[in-house]
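With positions in the sequence shown counted from 1, the corresponding number in this note's numbering is that position plus 586. For each residue, glycine too, the CB sits at the ideal point set by N, CA and C.
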Amino acid sequence: ARLRIALNAPRAKFFTQFNLLPEGVKFLVDLRADLLAALPQEPALEVLRVELDGLLESWFDPGFLELQRITWHSPALVLEKLIAYEAVHPIQSWNDLRNRLDTDRRCYAFFHPRLPNEPLIFVEIALSKGLAGNMQLLLDQGAPVQDPQSADTAVFYSISNTQKGLRGISLGNLLLKRVIEDLRRDLPRLQVFATLSPLPGFRKWLDPALAEKRPLLPAADAAKLAESLGHPGPDTAIADTLARPEWPGDARLADALREPMERLCARYLLQEKSGSHPLDPVAHFHLNNGASVSRLFWLADISARGMDQSYGMMASYRYELSEVDENHERFSRDGHIAAARRAQRLLA
């Protein structure tokens, strides 16, 4: 219906002419970004947004998108845009980028014929033996390069949308499916396709819950934790310890916090919802794609961003190709969250 409105709209022919101009499509994408930003103050622009949405959805149909692998030998303009657009784990330098494009890494992006050298969305992947569970180790430029032919696991550790004007036009689901197909063809030993993902909403949920002294843990477990932390108050032990800046580097405190924080994170991912959807936007993206919650990793990202978002906690979502369609259907129909037993046990 939206496409029909767009094609029949009085401005449709005018907008369509932009497809003939060298930067015309990019102009319309940027125009939609401006519209989305202005809508809260200018609701009358909604009609224009709907018309533009239908047009761009038809132009960015999967059949028009080109999947390309990006390497160190890709055009400098493309590499510069990876640095500029990386939204999950910022690229610190050209050496950092080169490390992310080494032989045991992969980077793929979707391009559109009318936007040359402009990646629309890209994914960064580490090839490893077993599932990586620490971002600092994964991005360590001094780590030895692994033989990609011996890898059994592809770890998707960053997915970045580059165009604000394409927000709401689904590209990520298709990108991951196409990339997995490509990897399986080129590296037949790969058995596991999983993510190492941030939890951008975990701390936003946890901090207010702790401040309100909600009974997030059974009373006996809270008392045991307070005792192990040397804290007099079971209802404030976690919050007070997390407020201490030295806790991540204090083995005693970090070890004592690990199990309760993993359990709280499992509750956040698997039980806490907004309507029928998970609170966490990254979880929603992968679960809607048909992935399952595989594992949680404690202190897996101790960067400033990782600590600010989730106290260093990260999650892994696994893409089991034989299950993704059913998982997606159940998630879409009734909000069912597929999870491995290892993750489910944290709720016990």
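Indicate the three-state DSSP secondary structure (helix, strand or coil) for residue i in the structure shown.
| i | result |
| --- | --- |
| residue 779 | strand |
| residue 675 | coil |
| residue 899 | coil |
| residue 904 | strand |
| residue 870 | helix |
| residue 817 | coil |
| residue 701 | strand |
| residue 889 | coil |
| residue 859 | strand |
| residue 831 | coil |
| residue 629 | helix |
For residue i, report the span of its beta strand (DSSP E) as first-last.
| i | result |
| --- | --- |
| residue 849 | Not the beta strand (DSSP E): residue 849 falls in the alpha helix (DSSP H), residues 837-856. |
| residue 747 | 739-747 |
| residue 708 | 707-714 |
| residue 878 | 878-883 |
| residue 654 | 652-655 |
Please classify residue i as buried or exposed, where buried requires at least 16 other C-beta atoms within 10 Å of its C-beta.
| i | result |
| --- | --- |
| residue 723 | exposed |
| residue 927 | exposed |
| residue 895 | buried |
| residue 921 | exposed |
| residue 642 | buried |
| residue 931 | exposed |
| residue 754 | exposed |
| residue 731 | exposed |
| residue 872 | buried |
| residue 685 | buried |
| residue 919 | exposed |
| residue 734 | buried |
| residue 852 | buried |
| residue 576 | Nothing can be reported for residue 576, as the shown portion of the chain is limited to 587 through 934. |
Ignore the nearest five residues each way along the sequence and tell me which others in residue i's own chain have a CB closer than 6 Å to its CB.
| i | result |
| --- | --- |
| residue 823 | 811, 812, 815, 817 |
| residue 892 | 898 |
| residue 673 | 746 |
| residue 821 | 799 |
| residue 870 | 863, 864 |
Figure out for me which residue from the options has the closest Cα to the Cα of residue i.
| i | options | result |
| --- | --- | --- |
| residue 602 | 762, 660, 873, 639 | 639 |
| residue 902 | 728, 687, 825, 884 | 884 |
| residue 899 | 774, 821, 906, 888 | 888 |
| residue 619 | 668, 728, 750, 653 | 750 |
| residue 875 | 904, 643, 852 | 904 |
| residue 913 | 934, 882, 878, 615 | 878 |
| residue 701 | 788, 616, 631, 782 | 616 |
| residue 609 | 807, 698, 787, 861 | 698 |
| residue 679 | 716, 704, 726, 661 | 726 |
| residue 858 | 844, 933, 910, 681 | 933 |
| residue 847 | 869, 860, 929 | 929 |
| residue 689 | 778, 681, 833, 657 | 657 |
| residue 868 | 744, 911, 654, 907 | 744 |
| residue 825 | 837, 850, 806, 780 | 850 |
| residue 742 | 772, 834, 780 | 780 |
Can you find the residues in the same chain that come closer than 8 Å, C-beta to C-beta, to residue i, ignoring five residues on each side of it along the sequence?
| i | result |
| --- | --- |
| residue 757 | 646, 651, 696, 706, 707, 747 |
| residue 776 | 713, 737, 738, 739, 740, 769, 770 |
| residue 854 | 785, 787, 788, 791, 792, 865, 866 |
| residue 634 | 597, 621 |
| residue 886 | 719, 720, 721, 782, 892, 898, 899, 900 |
| residue 631 | 621, 624, 625 |
| residue 614 | 601, 604, 638, 641, 642, 751 |
| residue 691 | 685, 710, 711, 712, 713 |
| residue 729 | 723 |
Between which two residues does the alpha helix (DSSP H) carrying residue i extend?
| i | result |
| --- | --- |
| residue 697 | Looking at the DSSP string, residue 697 is not in any alpha helix (DSSP H); the run it does join, the beta strand (DSSP E), is 691-697. |
| residue 773 | Note, residue 773: premise wrong, no alpha helix (DSSP H); not H, not E. |
| residue 553 | Here the chain comprises residues numbered 587 to 934, so residue 553 is not present and cannot be evaluated. |
| residue 617 | 610-624 |
| residue 688 | It is not in any alpha helix (DSSP H) - residue 688 carries neither H nor E in the DSSP assignment. |
Looking only at its own chain, which residues have a Cβ that is under 7 Å from the Cβ of residue i, when we skip the five neighbours before and after it?
| i | result |
| --- | --- |
| residue 795 | 802 |
| residue 683 | 665, 668, 669, 677 |
| residue 925 | 856, 878, 879 |
| residue 842 | 811, 814, 815 |
| residue 760 | 648 |
Can a CB atom of chain C be found closer than 8 Å to the CB of residue i?
| i | result |
| --- | --- |
| residue 782 | The structure shown has no chain C; it contains just one protein chain. |
Please confirm whether any heavy atom of the ligand FMN lies closer than 7 Å to the CB of residue i.
| i | result |
| --- | --- |
| residue 815 | No copy of the ligand FMN appears in this structure; indeed no ligand is present at all. |
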